[in-house]
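Peer 1: Here's a structure for you.
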Amino acid sequence: MTVIGVIGAGVMGVGVAQNLAQTGHEVVLVDKDERILAEALATIGRNARMSRLMGGPSLDPDEILSRITTAVGAAGAAKASLVIENVTENWDVKREVYETLDAECGPDTVFVVNTSAIPITKMAAVTGRPDKVIGVHFMNPVPAKPVVELIPGFHTSPETVQRTRDLLTAMGKKAVDVKDSCGFISNRVLMLTVNEAAYLVHEGVADAESVDEVFRGCFGHPMGPLETADLIGVDTILYSVEVLYEHYADSKYRPCPLLKQMTDAGLHGRKSGRGFYTYTSQS
Amino acid sequence: MSSKTQILDFIRGRYPQAEIDESQDIFALGFVNSLFAMELVMFVEKTFGVTIPNEELRIDNFRTADAMSALVSRLSSDLAVA
Chain C
1 MTVIGVIGAG VMGVGVAQNL AQTGHEVVLV DKDERILAEA LATIGRNARM
51 SRLMGGPSLD PDEILSRITT AVGAAGAAKA SLVIENVTEN WDVKREVYET
101 LDAECGPDTV FVVNTSAIPI TKMAAVTGRP DKVIGVHFMN PVPAKPVVEL
151 IPGFHTSPET VQRTRDLLTA MGKKAVDVKD SCGFISNRVL MLTVNEAAYL
201 VHEGVADAES VDEVFRGCFG HPMGPLETAD LIGVDTILYS VEVLYEHYAD
251 SKYRPCPLLK QMTDAGLHGR KSGRGFYTYT SQS
Chain L
1001 MSSKTQILDF IRGRYPQAEI DESQDIFALG FVNSLFAMEL VMFVEKTFGV
1051 TIPNEELRID NFRTADAMSA LVSRLSSDLA VA
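Chains as they are written, first to last, in the working numbering: chain C, 1 to 283; chain L, 1001 to 1082.
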């Protein structure tokens, strides 16, 4: 059986690895240190255990974990037939990962960029295989979200598009086609909404609870924008807004200073125990 | 402090704007999502030193403080027997 490489064991990488494993795929999960990988496996086991409670299928955590091996460094994915990269939304970090992958992986290996904002064509240009680089924007939590954005770059070949579609279908995902444009559909709208919601809190117009209550109660959204920010990660929101700001050179994407301060202070949302809300279980 | 009181305090701490009593279905209130169910599991396991078996990880066991408190009692008595 072919192995799928998953680069980055953060919130998204963990979700992608679990989704792949629970649909019968062999996975090698890669990150830069052992500690992050150990935590990732613990998170996957816990999430698999909670799956039914969260409205998902009933899963056997041991069976899922048995399909996932781990490796330190991007070269660990050398044998993968397809790699899904989920590292930080930071150009320099991603570029370094792609340079390594391009050097280490076989010539037929497809690189899937899981990004919420970075242009696929620009990312593909870092490699010597722009026809085999494609974007997929997975949503969080990955195993629970049935739809993704599928973004071919300028040079992406029809074969690469088909191989990626086939894998997504096997993962239980429906792909919505989007042309390569920074932020695609989802984040052009969502990141500006979250950023503006943060400005409301920053300016003291309303607190986070009130902002979210308007979105739930008035618009029928299951979660408000600031709860969503905590789920995605406040730091990730900031990076995504910064990517949009740099790419379009348009002041409408200027990041809210509160997002910067929260990121510096380690208030990254659910994953750090505190963001716009507090999640620690100590009373 | 009873397990029911501790559980209620935890829920009220997360949702200070809500008026919640022990028999209220918190998932029917409209602002509690399934992610909070996961937090409740972690809180109950950590606070009361129990491991909830997979077959008990059902949303019905976490709908009310009454139901969670009953679950804790069941698991604690199992522990005492064992």
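Beta carbons: idealized from backbone N, C-alpha and C, even for Gly.
How is threonine 236 of chain C classed by DSSP in three states: helix, strand or coil?
Peer 2: Residue state, collapsed to three classes: helix.
Peer 1: Does any CB atom of chain C fall closer than 7 Å to the CB of methionine 1038 of chain L?
Peer 2: Yes - at least one Cβ of chain C is within 7 Å of the one on methionine 1038 of chain L.
Peer 1: Can you confirm whether glycine 273 of chain C, when its beta carbon is compared against all beta carbons of chain L, has any partner nearer than 7 Å?
Peer 2: Answer no: the Cβ-Cβ gap between glycine 273 of chain C and chain L never drops below 7 Å.
Peer 1: Determine, using beta carbons only, whether leucine 53 of chain C comes closer than 7 Å to chain L.
Peer 2: It does: the Cβ of leucine 53 of chain C has a partner Cβ on chain L nearer than 7 Å.
Peer 1: Which runs of the beta strand (DSSP E) spanning at least 3 residues fall entirely within the segment 118-162 of chain C, listed in chain order?
Peer 2: You should have 133-137, 147-152.
Peer 1: How many angstroms separate the CA atom of glycine 10 of chain C from the CA atom of threonine 100 of chain C?
Peer 2: One C-alpha to the other measures close to 19 Å.
Peer 1: Please check if any C-beta of chain C sits within less than 7 Å of the C-beta of leucine 1057 of chain L.
Peer 2: Output row for leucine 1057 of chain L: interface = yes.
Peer 1: Relative to the C-alpha of serine 1076 of chain L, which candidate in L:Glu1045, L:Leu1040, L:Ala1037 has its C-alpha closest?
Peer 2: Checked all of L:Glu1045, L:Leu1040, L:Ala1037; the closest Cα to serine 1076 of chain L is L:Glu1045.
Peer 1: Pull up the distance between the alpha-carbon of aspartate 1025 of chain L and that of glycine 1049 of chain L, whole angstroms please.
Peer 2: Their Cα atoms are separated by approximately 24 Å.
Peer 1: Whole angstroms is fine: what's the gap from isoleucine 84 of chain C's alpha carbon to tyrosine 98 of chain C's?
Peer 2: Cα-Cα distance, rounded: 11 Å.
Peer 1: In chain C, which residues lie less than 8 Å from valine 994 of chain L when you measure between Cβ atoms?
Peer 2: Residue 994 of chain L is absent from the model: chain L starts at 1001 and stops at 1082.
Peer 1: Leaving out the 5 sequence neighbours to the left and right, which residues in its chain are closer than 7 Å to glutamate 34 of chain C when beta-carbon positions are compared?
Peer 2: Only Val72 meet the Cβ criterion.
Peer 1: On the premise that isoleucine 36 of chain C lies in contact with leucine 65 of chain C, defined as a C-beta separation below 8 Å, what is that separation, rounded to the nearest angstrom?
Peer 2: Between isoleucine 36 of chain C and leucine 65 of chain C the Cβ distance is about 16 Å, and since that is not below 8 Å, they are no contact.
Peer 1: Find the residues of chain L that neighbour proline 107 of chain C, judging by a C-beta separation of less than 9 Å, and give them in chain order.
Peer 2: Going along chain L, no residue has its Cβ under 9 Å from proline 107 of chain C, so there is no contact; the nearest lies around 42 Å.
Peer 1: Listed from N- to C-terminal order along the chain, which residues in the segment 1066-1077 of chain L have their beta-carbon within a distance smaller than 7 Å of any beta-carbon of chain C?
Peer 2: So nothing in the stretch comes that close.
Peer 1: Please classify lysine 252 of chain C: does DSSP put it in a helix, a strand, or coil?
Peer 2: If DSSP states are grouped into helix, strand and coil, lysine 252 of chain C belongs with the helices.
Peer 1: With distances taken Cα to Cα, identify the nearest neighbour of glycine 13 of chain C among C:Ala40, C:Gln22, C:His25.
Peer 2: The shortest Cα separation from glycine 13 of chain C among C:Ala40, C:Gln22, C:His25 belongs to C:Ala40.
Peer 1: With a threshold of 16 other CB atoms inside 10 Å of the CB of glutamine 285 of chain C, please say whether the residue is buried or exposed.
Peer 2: In the structure as shown, chain C begins at 1 and stops at 283. Residue 285 of chain C is therefore absent and cannot be evaluated.
Peer 1: Is the CB-CB distance between leucine 29 of chain C and valine 3 of chain C below 7 Å?
Peer 2: The answer is no: Cβ separation not under 7 Å.
Peer 1: So tyrosine 279 of chain C contacts chain L; which residues on that side make the cut at Cβ distance below 7 Å?
Peer 2: Those within 7 Å of tyrosine 279 of chain C in chain L are Glu1039.
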